[in-house]
Amino acid sequence: QVQLVESGGGVVQPGRSLRLSCAASGFTFRGCGMHWVRQAPGKGLEWVAVISYDGSNKYYADSVKGRFTISRDNSKDTVYLQMNSLRIEDTAVYYCAKDYSSSWYYMDVWGKGTTVTVSS
Amino acid sequence: DIQMTQSPSSLSASVGDRVTITCRASQTITNFLNWYQQKPGKAPKLLIYAASSLQSGVPSRFSGSGSGTDFTLTINSLQPEDFATYYCQQSYSTLQTFGQGTKLEIK
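Now the structure itself:
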């Protein structure tokens, strides 16, 4: 079945880095855009970044631009989120989501999320 | 960035009621509007895409309408499993945004 499994979350100090991974299975990964969406404790959903099917197009929320990098390895069916210069306000559950299209249209499959806590 | 504003922020209703949630965009997004349902501790689930298309497997009591800047999500005959938080999301812009959410609670 179609599945997304995030990993790489944890507790990290402000200013440090972390890399999240999302392993996909059950669909043609190389044909789909992929997103990262986060949710701070007790807050709503915040879209973070999207990458097109071939990695040629990437877009970021203003809150993470210049600090986070989305990438993908189609040979491993995996999308990544490299998070640098982490801030307290980056604390959240991070979800990866599959897009229906090759770029971005709507997110039809979501992972269960991985928790990132930024704390000194 | 395109701002998405949902109303109300919270709503109390009873099983069997019909409820409507509104989402307004700060500029036109044609029909690039999606709706998601999220239950506590769970990932969001897609309900409606392209403003009015029902995602496969979603009960027909859910429906969406609207275009341009104003959109609605309607749930007919509320069921116990429908009590959750609902989010709209625009995918018109490369910088996508969600509404702040509407929490639907049992009266």
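If you read the protein sequences in the order shown, they are chains C and Z.
Under our numbering, read the first sequence as residues 233 to 352, first letter to last.
Under our numbering, read the second sequence as residues 122 to 228, first letter to last.
We put the beta carbon where it would ideally sit given N, CA and C, even for glycine.
Taking a contact as a CB-CB distance under 8 Å, the pair C:Trp-342 and C:Tyr-327 counts as one, their CB atoms being some 5 Å apart.
Around the beta carbon of C:Asp-322, 16 or more other beta carbons lie within 10 angstroms, which makes this residue buried. Residue environment: Z:Thr-151 is assigned as exposed (fewer than 16 neighbouring CB atoms within 10 Å of its CB, all protein chains considered).
Check the Cα spacing between Z:Ala-172 and each of Z:Ala-164, Z:Arg-145, Z:Lys-163, Z:Pro-165: the tightest is with Z:Arg-145. Under the Cβ criterion of 8 Å, C:Ala-293 is counted among the residues facing chain Z. For C:Asp-340, the closest Cβ of chain Z is nearer than 8 Å. For Z:Tyr-170, a Cβ of chain C is located within less than 8 Å of the residue's own Cβ.
Three or more beta-carbon pairs separated by less than 8 Å link the segment 208 to 225 of chain Z to the segment 272 to 288 of chain C, which places the two stretches in contact. In this structure, C:Val-244 keeps its C-beta atom at 8 Å or more from the C-beta atom of C:Leu-252.
Taking all protein chains shown into account, Z:Ser-212 has 16 or more neighbouring C-beta atoms within 10 Å of its C-beta and is therefore buried. Residue contact check for Z:Asn-152 against chain C: no CB pair falls below 8 Å. Boundaries of the beta strand (DSSP E) harbouring Z:Glu-226: 223 to 227, taken from the DSSP string.
Membership of Z:Gln-159 in the beta strand (DSSP E) is indicated by the continuous run 154 to 159. Chain order gives the chain Z residues near C:Trp-336 as Ser-212, Thr-215, Gln-217, where near means a beta carbon separation below 8 Å. Just so you know, the alpha carbons of Z:Ile-169 and Z:Gly-187 end up roughly 12 Å apart. It is roughly 13 Å from the alpha-carbon of C:Tyr-312 to the alpha-carbon of C:Gly-345. C-alpha of C:Ile-283 to C-alpha of C:Trp-268: approximately 9 Å in a straight line.
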